[in-house]
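Using our numbering, the letters of the sequence shown correspond one by one to residues 3 to 541.
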Amino acid sequence: MVSISPIQGVLALSTLWVLKIFGRNAEILWINPFRMLAIVSGPFFPAQGKVGHYYAKFSAFAKFGTTCLSSVVFWDAIPTFWISDADAIRIVSADRQTFTKDVEAYEILNIYGQNLVGTEGAVWKRHRAVAKSAFNEANNAFVWTESMRIATEWFSDIDNRMYGTARECTVDLLKDLTQLTLLIISTTGFGRRVSWSEDAAAVPPPGHKIAFRPAVTSAISHLIPKMLTPDLIYNLSDWVYLPFISSALKETTESFEALKFHMLDVISLARARVTNGKAADMDAALLRNLVEANMFEEADCGYKRLTDDELLSNTMTFLLAGHETTAHTICFAVVLLALYPDVQRRVYEEVSKFWPEGAPAPESIAALEYTTGVFLETLRLFPPVARLGKLVQANSVIPARRFQMSPEGRPSDVEQFSVAIDKGSLVIIDIFGLHMNPIHWGEDVEEFRPERFIDTKSYRWPRDAFFAFAGGPRSCIGQRFAITEGLCLIANIVRNYEILVPYDLCDKGVEEQRKILLHWSPSITILPTEARALFRRRK
Ligand code: HEM
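Below you can see the structure in the form of structure tokens.
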């Protein structure tokens, strides 16, 4: 339960006052903008026009004419700096000692134990070292072939849903793509090779009450309630019936238990293979690495060891991190292709040129330059992870830019300056702010323009201004995995279907269609709420 101490309130106000007299534009934030509570309240708080507003993109930076804004968290009186400057973000993400991950915000992921995402320092280094070698070129090729296989099975399901002579149907993208990406990570990461139809049938295997996919989706949907409910209430509900609450808590506990039993099955199969000397037969390199790090003695694997809890926790974390982000990105990408037919035509031309027929080889990915631009541009406009919090461990200085903004959104008089940041502060890497920063991306920053990710003789796209996969030592370990999977699915979809705006939205203007179909809300990652499209079979 949150209670606000008057002393901390006075501290916050005085911090704010100090920030103001030093000329920084400052506002009070009532809750830590990076902790879970902020995600829950994201759609409503901070309000529009305030620093930290979830949908603000670059507008607060534009309003104050600087790429570094400051605020103060009322509770704890933490000075908080919001940055949307590529140079500052590069420095903050590269210096792992000075700017450490705000791990308290990730506690929710530590349900079964510590893991790669929710740790810092030496513990994080150990987890990363265990997983790292699994994300290699051979694994990318495996992701490619499995994505091909599963997409083909999905297409035959879509074809069965089609009606009319035009052979078309509206696809609920979030539902289907979540199932698809979950199948891909569970096969390639954990060796659970099931077909689309087997998975869709959702029949629990012997010894289980809930099938694997419903167990995962149910656990994800209960993550936030689990985080918000204090242990005391859980314990109390074991003894006393609490109307409404007891049944919801029971459901939450059951979904996490169900997922745990599925992952324990996966682990025990892998352990048996390692024991029988058949580890090399396992094509799921990630699971093999995790299990070996758990089974081998320290003498055999050095410091790269995992406890039982850490092993279980990492399987759950990779399962989550490895499918939600990619599913949401592909949802946005497919909707954008429906909304921008010219872009879709160029993707189709590129894909048809490089894959005239048959199943393309994983190396084809390099040839899909424009399709890659579509995927990255989607991530620029809809970064699944919108902000990252770093705690400042030593007094430091970061660069920022001042500028004038014209009413048309054109920055001018750009001038660099330095911002002193004290130990104990919080730095928020504002990924939306960075991706919408016209100093880095140009005036047409709001436009969907995949070619901005294609280098030419006179243009090199600004790598440091793209942070969808984070950067530095803590960048996304699954970046190549996600790009391989995303390109494979987008290219395959466009090759087989024409993607259109659903019929019920055809009488609306383009702006209205975009507003509806691209709507999202803050959740564990940015969640597309209305993503659907009409798929029409190509002749
Ligand atoms: C479009 C897809 C994806 C996006 C946009 C994305 C984005 C990110 C971002 C921004 C981070 C940094 C998070 C932080 O520091 O709190 C991250 C970390 C991570 N991602 Fe991804 N990710 C994607 C796909 C994947 C996939 C497919 C996997 C695994 C198969 C994965 C596994 C991880 C893991 C384990 C970390 C933690 C790495 C560490 O702290 O060392 N991600 N991802």
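For every residue, glycine included, the Cβ atom is placed at its ideal position computed from N, Cα and C.
Quick caveat: nothing in here was measured; it's all calculated off a predicted structure.
- [ ] Taking Q481 as the reference, give the member of K134, A533, F192 and K52 with the closest Cα.
- [x] K134
Task: Euclidean distance between Cα positions of L519 and D509 - done: 14 Å
Open item on the list: The beta strand (DSSP E) that contains V75, what's its start and end?
Closed with: C70 to V75
TODO: Have a look at the DSSP bridge pairing and note the partners of K392.
DONE: K103 and V429
Open item on the list: Taking the straight line between their C-alpha atoms, what separation do you get for K127 and D432?
Closed with: 25 Å
Open item on the list: If distances are taken between C-alpha atoms only, which option among Q406, L529 and V421 comes closest to K65?
Closed with: Q406
Open item on the list: Are there any heavy atoms of the ligand HEM lying less than 7 Å away from the beta-carbon of K103, as far as the coordinates show?
Closed with: yes
TODO: State the Cα-Cα distance for the pair C171 and Y165, rounded to the nearest angstrom.
DONE: 7 Å
- [ ] May I have the straight-line CA-CA distance separating D82 from V276, to the nearest angstrom?
- [x] The residue you asked about is not Asp; residue 82 is Thr in the sequence shown. Distance between the alpha carbons of T82 and V276: 48 Å.
Task: Beta-carbon proximity list for E513, same chain, < 7 Å, skipping 5 on both sides - done: none
Task: Distance, M38 Cα to V4 Cα - done: Legend: pLDDT at V4 = 29, less than 50; position of this residue unreliable, value from coordinates given subsequently. Straight-line Cα distance between these residues: approximately 13 Å.
Task: Entirely enclosed beta strand (DSSP E) segments - the region 159-240, minimum 3 residues - done: 170-174
TODO: Could you tell me which residues DSSP pairs with F83 in its beta bridges?
DONE: S72 and V429
Open item on the list: Going by the DSSP bridge assignment, what does I400 pair with across the sheet?
Closed with: V421
- [ ] State the start and end residues of the unbroken beta strand (DSSP E) segment that holds R534.
- [x] R534 to R539
TODO: Run through the region 300-331 for me and flag every whole alpha helix (DSSP H) of 4 or more residues, listed as ranges in chain order.
DONE: 300-303 and 310-323
TODO: Please state if the CB of F101 and the CB of V429 are separated by a distance shorter than 8 Å.
DONE: yes
Task: Coil, strand or helix - V125 by DSSP - done: helix
Open item on the list: Closer than 8 Å is the cut-off here; do at least three beta carbon pairs connect the region 93-111 with the region 390-409?
Closed with: yes
- [ ] Check whether the region 151-167 touches the region 262-273, counting contact only when three or more Cβ pairs, one atom from each stretch, lie closer than 8 Å.
- [x] no
Open item on the list: Three or more C-beta pairs under 8 Å: does that hold for the region 482-496 against the region 110-126?
Closed with: no
- [ ] Please find out if some non-hydrogen atom of the ligand SAM comes closer than 7 Å to the beta-carbon of A153.
- [x] No copy of the ligand SAM appears in this structure; the ligands present are the ligand HEM.
Task: Sub-8 Å separation of P386 and I495 beta-carbons - done: no
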